[in-house]
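Shown next, in structure tokens, is the structure this report addresses.
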Amino acid sequence: MIRLERASLRYGDILGLSPTSFELPEGGGITGLLGPNGAGKSSLIQLLAGLLPPSGGEVNIFGEAPFRNPNVLVRIGLVPEGDRFPVGLNGTRWLRMMGELSGLSGSELDAAIQRSLLAVGMETRAQLGFSSMSKGMRQRIRMAQALLHEPDLLILDEPFNGMDPEARLNLMDLMRELSSAGKRIIVSSHILGEVAQLTERILLLFRGRLLAEGSVPEIRELLDRHPIELRVASEDVRQVARWAVEQGELVALRMDEGAAILAVRNPRDFLPKLQDAIAAGQLPLRALDPLDLNLDAVFQYLTKDNA
Amino acid sequence: MPIYAPSLPPRPELSEGSHPIAVLAKFDLRRVVKRKVGFFIFGFIFLAILLVELIVLYGKYLINTSPGLGGLKEFANRIMTQGADYQAGLIDWWMLVPLWFMMAFMVGGIISRDSLYRIRPLIYAHPVRPQDYITAKALSAFIIPMAVMLPFVLLPWGFSLAMAGKAGPIWISAPLYLLPAAIIIGLLMAAVTLGASAMAGSPRASFGWVLGIVLGTSAIGGIFAGALQSKQWMAMSPYALVQAWPQLIFNVSDPLLKWAPTLAGTVLHIAFWTWIAVKRTKPSEAVL
Chain E
1 MIRLERASLR YGDILGLSPT SFELPEGGGI TGLLGPNGAG KSSLIQLLAG
51 LLPPSGGEVN IFGEAPFRNP NVLVRIGLVP EGDRFPVGLN GTRWLRMMGE
101 LSGLSGSELD AAIQRSLLAV GMETRAQLGF SSMSKGMRQR IRMAQALLHE
151 PDLLILDEPF NGMDPEARLN LMDLMRELSS AGKRIIVSSH ILGEVAQLTE
201 RILLLFRGRL LAEGSVPEIR ELLDRHPIEL RVASEDVRQV ARWAVEQGEL
251 VALRMDEGAA ILAVRNPRDF LPKLQDAIAA GQLPLRALDP LDLNLDAVFQ
301 YLTKDNA
Chain H
1001 MPIYAPSLPP RPELSEGSHP IAVLAKFDLR RVVKRKVGFF IFGFIFLAIL
1051 LVELIVLYGK YLINTSPGLG GLKEFANRIM TQGADYQAGL IDWWMLVPLW
1101 FMMAFMVGGI ISRDSLYRIR PLIYAHPVRP QDYITAKALS AFIIPMAVML
1151 PFVLLPWGFS LAMAGKAGPI WISAPLYLLP AAIIIGLLMA AVTLGASAMA
1201 GSPRASFGWV LGIVLGTSAI GGIFAGALQS KQWMAMSPYA LVQAWPQLIF
1251 NVSDPLLKWA PTLAGTVLHI AFWTWIAVKR TKPSEAVL
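As they're listed, the protein sequences go chains E and H. Counting with the working numbering, you get residues 1 to 307 for the letters of the first sequence. Counting with the working numbering, you get residues 1001 to 1288 for the letters of the second sequence.
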């Protein structure tokens, strides 16, 4: 469905995106596009949304190059970053123009506007001028605009900016439902927590390079340089420590309040051993907590390694 | 407010719906017309000018047809000529100056507003080609001055025909000659406004750019014309060019500019400002 093969993007002498390759399969799913500001997220979105041609390599969406390709563009819904709308315009008028640009007209357009407004919970307030709307309401209108023509691929650039917590949760629910209905959604964000709540599937960009692609555990496993840290809480921490130092996978050990923190390599080998030891009653375990299997840790390791 | 899973209609076929040029132009024209302050100010100015034109025509008609006013005939013929000068004067500085202001104030934001609110990336993310975008903008920027000039071409002519038929004070040549002049003026004004708007970052800045281009080139043209003792250098100025076209087409006795500099200046201005507008609205300029 989406395939990039050494696709790069230059703005004159500035390299926005280094040659990048990845593939996202057919069918629904949410992919997080992660990276700090200036990582190349917007460059990648511009290639995916067909706004710019790649400076090198190939971009294929639904089997075709998206740049200036109406066959592809009509299947993409884009929610760009930012909160700027023309003064003196209301939501309905805006959606009408965007719908017409997607090829909708007449009663079909009216029905599409009503349904997409209903989908984002704005059916009674779309007549308001943009200047009278809250940030969250404007963001919903942006979302409604992207849904108007029922795209197969939704590209959302920082969609949660300016939304209150309730609106964020609602938008996340909507994205999950769209995803389970077969839509492919790419969500760009520089806030890890947002993406972590939505999906484990990520594309991690840093300084114009794609550092990693896959699920968080998959990527974490590839980070051999950084042993995984496990916090083992136990009534007898010394016993846990004694058992751990006998294991070949242990790299470092430190003691915490009521717990031992084990840094281990090859967790696939280590964890079954730990499980067996617990089952055999050798370790009085109270809790096991992986400290750096989350998105924040993966992001930190990857960006530090590539800084 | 809860958000529901959408149930949307099938995706439209590409051939359905309006052409993107029509959609964008309709949107822009609607926006210009809805600018109430501008519409009121300029509508009032142009209506007042048009009213004066029609009163002058009616006065001329009365003088020619009423025996009691026979004594005024010679005087009237002298101050209200009905030949080429009079007809060319239907589109002259008193109408073109407010028209330039109107273009700067009401049309100047036609591209810069999209730049300010970052609308272009979103437009290009739809099946809209850059040439569709710029054509739509050019069409809107052309239609607006034409909508102002057309009444000045057609109403005095129609009014005179209604009063006196072919023997009236305005000849059949008025619409035939003034329409091409109006079209060229419309194209030139649209090109300058588009170029200025494409360079500006906001509608307010566009206003300055349009007037800056018109006044700046007039000043430079004036300096050259004075220094080189030839008023043909005024062809550097779009303001002089739009004034010159009706005079040339009606072949008035002492036109502001000659044919060659007028033609060259017009072509160069239209080409240059259109090039600027195209260059500044290509997708690479529409970054997210």
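Idealized CB from N, CA, C, for every residue including glycine.
{"Query": "For TYR11/E, is the classification buried or exposed, using 16 other Cβ atoms within 10 angstroms of its Cβ as the cut-off for buried?", "Result": "exposed"}
{"Query": "Could you tell me the alpha carbon to alpha carbon distance between LEU178/E and MET98/E, rounded to whole angstroms?", "Result": "20 Å"}
{"Query": "Which residue's Cα is closest to the Cα of ARG176/E: LEU274/E, ILE30/E and GLU123/E?", "Result": "ILE30/E"}
{"Query": "On the three-state DSSP scale, how would you describe ASP13/E?", "Result": "coil"}
{"Query": "Just the C-alpha distance for LEU78/E and HIS1019/H, rounded to the nearest angstrom, thanks.", "Result": "20 Å"}
{"Query": "8 Å is my cut-off, CB to CB: does GLY82/E come that close to chain H?", "Result": "yes"}
{"Query": "Excluding the five sequence neighbours on either side, which residues of its own chain have a C-beta within less than 7 Å of the C-beta of LEU283/E, listed in chain order?", "Result": "SER234, GLN239, VAL240, TRP243 and ALA277"}
{"Query": "Helix, strand or coil: how does DSSP classify ARG176/E here?", "Result": "helix"}
{"Query": "Can you check whether the C-beta of ARG1113/H is within less than 8 Å of a C-beta belonging to chain E?", "Result": "yes"}
{"Query": "Hey, could you find the ends of the beta strand (DSSP E) LEU117/E is sitting in?", "Result": "That residue, LEU117/E, is in no beta strand (DSSP E); its alpha helix (DSSP H) goes 106-119."}
{"Query": "For ASP289/E, which of helix, strand or coil comes out of DSSP?", "Result": "strand"}
{"Query": "Would a check of beta-carbon distances place GLY1017/H closer than 8 Å to chain E?", "Result": "yes"}
{"Query": "Is MET163/E closer than 8 Å to LEU171/E when the C-beta atoms are compared?", "Result": "yes"}
{"Query": "Decide if TRP1273/H is buried, meaning its Cβ has at least 16 other Cβ atoms within 10 Å, or exposed.", "Result": "buried"}
{"Query": "Work out the CA separation of MET1149/H and TRP1100/H for me, nearest whole Å.", "Result": "12 Å"}
{"Query": "Tell me which residue opens and which closes the beta strand (DSSP E) that ALA1125/H is part of.", "Result": "ALA1125/H -> no beta strand (DSSP E), and no H or E assigned at all."}
{"Query": "Return the residue from the list SER1237/H, TYR1061/H, PHE1027/H and ALA1277/H that minimises the CA-CA distance to MET1163/H.", "Result": "TYR1061/H"}
{"Query": "ASP164/E bridges to which residues according to DSSP?", "Result": "ASP164/E pairs with nothing; no bridge assigned."}
{"Query": "Does the separation of the CB atoms of THR1266/H and ILE1184/H fall below 8 Å?", "Result": "yes"}
{"Query": "Quick one, are the C-beta atoms of ILE1270/H and ALA1191/H less than 8 Å apart?", "Result": "yes"}
{"Query": "Using 8 Å for Cβ pairs, my map puts SER102/E next to VAL74/E. What's the rounded Cβ distance?", "Result": "6 Å"}
{"Query": "Excluding sequence positions up to five away, which residues of its chain have a Cβ less than 8 Å from the Cβ of ARG201/E?", "Result": "GLY29, ILE30, THR31, GLY32, GLY214 and SER215"}
{"Query": "DSSP beta-bridge partners for ASN60/E?", "Result": "ARG3/E"}
{"Query": "Sort out for me which residues DSSP pairs GLY129/E with in a bridge.", "Result": "ASN90/E"}
{"Query": "With 8 Å set as the bound, which would you pick, yes or no: does the beta-carbon of LEU1029/H sit closer than that to a beta-carbon of chain E?", "Result": "no"}
{"Query": "Less than 8 Å between CB atoms is the rule here; does ARG1314/H satisfy it with respect to chain E?", "Result": "Residue 1314/H cannot be examined here, being either before or after the span of chain H that is shown, 1001 to 1288."}
{"Query": "Of all the CB atoms in chain H, is at least one closer than 8 Å to the CB of MET97/E?", "Result": "yes"}
{"Query": "Does ARG1204/H come within less than 8 Å of chain E when only Cβ atoms are used?", "Result": "no"}
{"Query": "Report, in whole angstroms, the separation of the C-beta atoms of ILE1091/H and ALA1181/H, which I expect to be a contact under 8 Å.", "Result": "6 Å"}
{"Query": "Indicate the three-state DSSP secondary structure (helix, strand or coil) for ALA212/E in the structure shown.", "Result": "strand"}
{"Query": "If the cut is a Cβ gap below 9 Å, which residues of chain E does ILE1143/H touch?", "Result": "Here the premise fails: no neighbours, minimum Cβ distance about 17 Å."}
{"Query": "Using the C-alpha atoms, what's the distance from ILE1134/H back to ILE1276/H?", "Result": "11 Å"}
{"Query": "DSSP three-state call for GLU229/E: helix, strand or coil?", "Result": "strand"}
{"Query": "Taking the continuous beta strand (DSSP E) assigned at THR1274/H, which residues delimit it?", "Result": "Counting along the chain, THR1274/H falls outside any beta strand (DSSP E), though it belongs to the alpha helix (DSSP H) covering 1259-1280."}
{"Query": "As a quick exercise: from ASN60/E, VAL120/E, MET1/E and ARG209/E, pick the residue whose alpha carbon is nearest that of MET143/E.", "Result": "VAL120/E"}
{"Query": "Span of the beta strand (DSSP E) holding ASP256/E?", "Result": "250-256"}
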